[in-house]
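Each residue of the sequence shown is one higher than the one before, starting from 59 at the first, in my numbering.
We put the beta carbon where it would ideally sit given N, CA and C, even for glycine.
None of these values were measured; they are calculated from a predicted model.
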Amino acid sequence: MGSSSSFRAFGAILHRFSHGFSSKCPNSFGLRRNGLLSRNLSSSSTISQLSSLYLVENKYSRRYVQVRMIWTFSPVCMGRRSSKIAGRKGAQDAKKAKLYCRIGKEVVSAVKKWGPNPISNTALAAVLEKAKELDVPKEILDRNIKKASEKGQEAYIEKIYEVYGYGGVSMVVEVSTDKIKRSIAVVREVVKDYGGKMADPGSVMFKFRRVRVVNVKVTDVDKDQLLAIALDAGAEDVIEPPIYEDDTEEDRSERYYKIVSSSENYTAILSKLREEGIHFEPDNGSELLPLTAIEVDDEAMDLNKEIMSKLLELDDVDAVYTDQQ
59 MGSSSSFRAF GAILHRFSHG FSSKCPNSFG LRRNGLLSRN LSSSSTISQL SSLYLVENKY
119 SRRYVQVRMI WTFSPVCMGR RSSKIAGRKG AQDAKKAKLY CRIGKEVVSA VKKWGPNPIS
179 NTALAAVLEK AKELDVPKEI LDRNIKKASE KGQEAYIEKI YEVYGYGGVS MVVEVSTDKI
239 KRSIAVVREV VKDYGGKMAD PGSVMFKFRR VRVVNVKVTD VDKDQLLAIA LDAGAEDVIE
299 PPIYEDDTEE DRSERYYKIV SSSENYTAIL SKLREEGIHF EPDNGSELLP LTAIEVDDEA
359 MDLNKEIMSK LLELDDVDAV YTDQQ
């Protein structure tokens with residue numbers, strides 16, 4: 059009986075290792091209640107993989123088993139609050155890097171198709187105007203205009219891959235790539251390695267809607283004032299951020315209101331916010347919002363976060379959206 063119990067206990071540990079640990083220490087980014095991935099990718103968070111030998115004994119045999127452990131948190135965890143603080147600057151830097159990379163790809167594609175002159179190339183002019191709206195540095199634009207003329211450089215193609223995560227959660231992966239075969243291969247590899255499943259085209263996208271979004275930190279504006287300004291400028295909605303029981307005052311200060319808008323009214327909303335002296339963060343051209351958010355348990359949430367985190371590390375991936383609450 060004792061040997062049988064030992065085997066069952068070891069099996070439970072092995073199952074836990076094979077599916078990754080959950081931790082109170084947060085992963086590299088958080089999810090908003092409406093399911094939109096905020097893409098706060100933290101450079102301070104690491105994933106380490108270790109292999110250890112465990113001795114398994116019963117009355118019939120005695121052998122060592124190698125177990126591969128996947129830690130979904132840094133081996134030296136600083137605690138929930140300090141880890142959040144340490145990750146904030148890295149999260150913002152990663153978000154900007156993704157934005158700059160996406161705009162750069164659009165510049166390359168426009169130049170490859172119609173040339174480097176924005177006067178005759180209306181597509182390039184539109185990208186440059188959007189880059190100005192999003193405060194993309196000029197040197198990044200110049201570098202990518204030059205890159206487009208390099209021998210062997212192909213235009214970027216936008217693709218969307220759909221993924222099933224844990225607990226019935228859906229994900230949409232936006233890709234901009236100059237090598238389609240490479241992009242699908244690396245996305246499939248990550249999804250498979252971290253327990254997700256590729257979905258058929260169209261089986262996930264219908265759960266989302268595409269909108270323009272302006273993010274405003276809750277500490278930078280009064281809620282009623284923001285609502286009045288946004289709706290007056292033509293916004294469709296203002297989404298309040300979620301508040302969790304274990305949040306500190308500092309955690310709440312890092313929350314953002316989301317102003318949801320159509321493309322037609324987006325510029326007017328930005329102009330109105332500037333007039334009122336309200337600091338904001340624009341989107342990267344558009345975002346996907348889930349029509350309905352799905353609530354999952356803590357373990358499924360952590361596993362889905364890990365899938366999305368690894369996808370966002372891929373150079374070809376511009377954004378990942380989820381309907382996870």
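Subject >> Closest by C-alpha distance to Gln382, when choosing among Ile317, Leu369 and Pro348 >> reply: Here residue 382 corresponds to residue number 324 of the sequence shown, with the count starting at 1. Nearest of Ile317, Leu369 and Pro348 to Gln382, Cα basis: Pro348.
Subject >> Unbroken alpha helix (DSSP H) run spanning Ser344, endpoints >> reply: Counting from one through the sequence shown, the residue named residue 344 turns up at place 286. Unbroken run through Ser344: none, as it is neither H nor E.
**OP:** Work out the CA separation of Met366 and Lys154 for me, nearest whole Å.
**Re:** As a working note, residue 154 is residue 96 in the sequence shown. As a working note, residue 366 is residue 308 in the sequence shown. About 17 Å.
Subject >> Glu164 and Tyr214 closer than 9 Å at C-beta >> reply: As a position in the sequence shown, residue 164 is number 106, starting the count at 1. As a position in the sequence shown, residue 214 is number 156, starting the count at 1. Yes, the pair counts as a contact, with Cβ atoms nearer than the cut-off.
**OP:** Determine, using beta-carbon pairs with one atom in the segment 349-364 and one in the segment 293-313, whether at least three such pairs fall under 8 Å.
**Re:** With a cut-off of 8 Å, the segment 293-313 and the segment 349-364 do not count as touching, because too few Cβ pairs lie within range.
**OP:** Under 6 Å Cβ to Cβ from Lys330, same chain only, skipping five residues before and after it: list those, please.
**Re:** The residue you call residue 330 lines up with position 272 of the sequence shown. Counting only Cβ-Cβ distances below 6 Å, and skipping sequence neighbours, we find Ile287 and Ala291.
Original post:
With 16 as the cutoff for other CB atoms within 10 Å, does Gly210 come out buried or exposed?
Top reply: Counting from one through the sequence shown, the residue named residue 210 turns up at place 152. Classification for Gly210: exposed.
**OP:** With a 10 Å radius around its C-beta and 16 neighbouring C-beta atoms as the bar for buried, classify Thr350 as buried or exposed.
**Re:** Your numbering for residue 350 matches position 292 in the sequence shown. Taking a 10 Å sphere around the C-beta of Thr350, we find fewer than 16 other C-beta atoms and assign the residue as exposed.
**OP:** Grab me the residues of Glu312's own chain with a C-beta within less than 6 Å of its C-beta, minus the 5 sequence neighbours each way, in chain order.
**Re:** Indexing the sequence shown from 1 puts residue 312 at position 254. For Glu312, where only same-chain residues beyond five positions count, there are no Cβ hits under 6 Å.
Original post:
Rounded to the nearest angstrom, how far is the Cβ of Tyr379 from that of Val230, given a contact under 8 Å?
Top reply: Position 321 of the sequence shown holds residue 379. Position 172 of the sequence shown holds residue 230. With a Cβ gap of about 5 Å, Tyr379 and Val230 count as contacting.
**OP:** Decide if Val279 is buried, meaning its Cβ has at least 16 other Cβ atoms within 10 Å, or exposed.
**Re:** Locating residue 279 in the sequence shown gives position 221, counting from the first residue. Its Cβ being crowded by 16 or more others within 10 Å, Val279 is buried.
Subject >> Spatial neighbours of Lys188 in its chain, beta-carbon cut-off 6 Å, leaving aside the 5 residues before and after >> reply: Here residue 188 corresponds to residue number 130 of the sequence shown, with the count starting at 1. Result list for Lys188: empty, nothing under 6 Å.
Subject >> Asn202, DSSP secondary structure in three states >> reply: As a first step, residue 202 is located in the sequence shown; it is residue number 144 there, counting from the start. Asn202 falls in the helix class under three-state DSSP.
Subject >> Contact set for Glu345: own chain, Cβ-Cβ below 8 Å, skip 5 residues either direction >> reply: Counting from 1 along the sequence shown, the entry for residue 345 is found at position 287. Here the set comprises Leu94, Arg268, Val269, Arg270, Val271, Ala377 and Tyr379.
Original post:
Do you know whose CA, among Ala293, Asn273, Ile218 and Arg201, lies nearest Met256's CA?
Top reply: Residue mapping note: residue 256 aligns to position 198 of the sequence shown, counting from 1. That would be Ile218, whose Cα lies nearest to the Cα of Met256.
Subject >> Which listed residue (Glu191, Ser320, Trp172 and Thr277) has its alpha carbon closest to that of Glu307 >> reply: Position 249 of the sequence shown, counting from 1, holds the residue named residue 307. Nearest to Glu307 by alpha-carbon distance, out of Glu191, Ser320, Trp172 and Thr277, is Thr277.
Original post:
With C-beta atoms as the reference, is Ile198 less than 9 Å away from Tyr158?
Top reply: To locate residue 198, count along the sequence shown from 1; it is residue 140. To locate residue 158, count along the sequence shown from 1; it is residue 100. Note that the C-beta distance between Ile198 and Tyr158 is below 9 Å.
Subject >> Nearest-angstrom Cα separation, counted from Arg201 out to Asn175 >> reply: Translated into the one-based positions of the sequence shown, residue 175 becomes position 117. Translated into the one-based positions of the sequence shown, residue 201 becomes position 143. If you draw a straight line from the Cα of Asn175 to the Cα of Arg201, it comes to about 15 Å.
Original post:
Taking just the CA atoms, how far does Tyr222 sit from Val296?
Top reply: Position 238 of the sequence shown, counting from 1, holds the residue named residue 296. Position 164 of the sequence shown, counting from 1, holds the residue named residue 222. One C-alpha to the other measures close to 28 Å.
Original post:
Should Val227 and Val318 be called a contact, given that it needs their Cβ atoms to be closer than 9 Å?
Top reply: Within the sequence shown, numbered from 1, the residue matching residue 227 stands at position 169. Within the sequence shown, numbered from 1, the residue matching residue 318 stands at position 260. Taking 9 Å as the Cβ cut-off, Val227 and Val318 do not qualify as a contacting pair.
Subject >> Ser167 versus Ala206, Lys363, Pro195 and Glu220, residue with shortest Cα-Cα distance >> reply: For the purposes of this step, residue 167 is identified with residue 109 of the sequence shown, where counting begins at 1. Taking only the C-alpha atoms, the option nearest Ser167 is Ala206.
**OP:** Note the first and the last residue of the continuous beta strand (DSSP E) segment covering Thr277.
**Re:** Counting from 1 along the sequence shown, the entry for residue 277 is found at position 219. Per DSSP, Thr277 belongs to no beta strand (DSSP E) and is neither H nor E.
**OP:** Would you check if the distance between the CB atom of Glu216 and the CB atom of Ser261 is smaller than 9 Å?
**Re:** Taking the sequence shown and counting its residues from 1, the one referred to as residue 216 is at position 158. Taking the sequence shown and counting its residues from 1, the one referred to as residue 261 is at position 203. Not a contact, by the Cβ cut-off of 9 Å.
Original post:
Given Ile162, which residues of its chain have a CB within under 7 Å of its CB, disregarding the five upstream and five downstream residues?
Top reply: Within the sequence shown, residue 162 is the residue found at index 104, counting from 1. Just to set this straight, residue 162 is Gly in the shown sequence, not Ile. If we look at Gly162 and ignore the five residues flanking it on each side, its Cβ neighbours are Ile198 and Asn202.
Subject >> Exposed unless 16 or more other CB atoms sit within 10 angstroms - verdict on Glu334 >> reply: Translated into the one-based positions of the sequence shown, residue 334 becomes position 276. By the neighbour-count rule (16 or more Cβ atoms within 10 Å), Glu334 is not buried but exposed.
Subject >> Own chain, CB closer than 8 Å to Glu212, minus 5 neighbours either side, in chain order >> reply: In the sequence shown, counting from the first residue as 1, residue 212 sits at position 154. Within the same chain, Cβ atoms closer than 8 Å to the Cβ of Glu212 are found at Lys170, Asp236 and Lys237, the five residues on either side in sequence being excluded.
Original post:
With C-beta atoms as the reference, is Asp193 less than 9 Å away from Lys368?
Top reply: Walking along the sequence shown from the start, residue 193 turns up at place 135. Walking along the sequence shown from the start, residue 368 turns up at place 310. Cβ distance not < 9 Å, so Asp193 and Lys368 don't count as in contact.
Original post:
Counting only runs that start and end within the segment 198-269, where is the alpha helix (DSSP H) found for 4 or more residues in a row?
Top reply: Runs of the alpha helix (DSSP H) inside the segment 198-269: 238-251.
**OP:** May I have the straight-line CA-CA distance separating Val249 from Ile242, to the nearest angstrom?
**Re:** Within the sequence shown, numbered from 1, the residue matching residue 249 stands at position 191. Within the sequence shown, numbered from 1, the residue matching residue 242 stands at position 184. Rounded to the nearest whole angstrom, the CA to CA distance from Val249 to Ile242 is 11 Å.
Subject >> Same chain, Cβ closer than 8 Å to Ile336, neighbours up to 5 away in sequence not counted >> reply: Here the question's residue 336 lines up with position 278 in the sequence shown. Cβ contact annotation for Ile336 (same chain, cutoff 8 Å, sequence separation greater than five): Val274, Asp278, Val279, Leu284 and Ile287, in chain order.
**OP:** Please report the Cβ distance between Ser234 and Asp374, rounded to the nearest whole angstrom; I am assuming they are in contact, meaning their Cβ atoms lie under 8 Å.
**Re:** Numbered from its first residue, the sequence shown carries residue 234 at position 176. Numbered from its first residue, the sequence shown carries residue 374 at position 316. Your pair Ser234 and Asp374 checks out as a contact, with CB atoms roughly 7 Å apart and the cut at 8 Å.
Original post:
Among Tyr314, Pro259, Lys281 and Lys196, which has the Cα closest to the Cα of Pro340?
Top reply: Locating residue 340 in the sequence shown gives position 282, where the first residue counts as 1. Residue Tyr314 is the option with its Cα nearest to Pro340.
Original post:
Between Ser100 and Lys363, what straight-line distance do the alpha-carbon atoms span, to the nearest angstrom?
Top reply: As a first step, residue 100 must be located in the sequence shown, where it is residue number 42. As a first step, residue 363 must be located in the sequence shown, where it is residue number 305. Low confidence applies to Ser100: its pLDDT is 32, below 50, so where it sits in the model is not reliable, and the reading given next is rough at best. About 12 Å.
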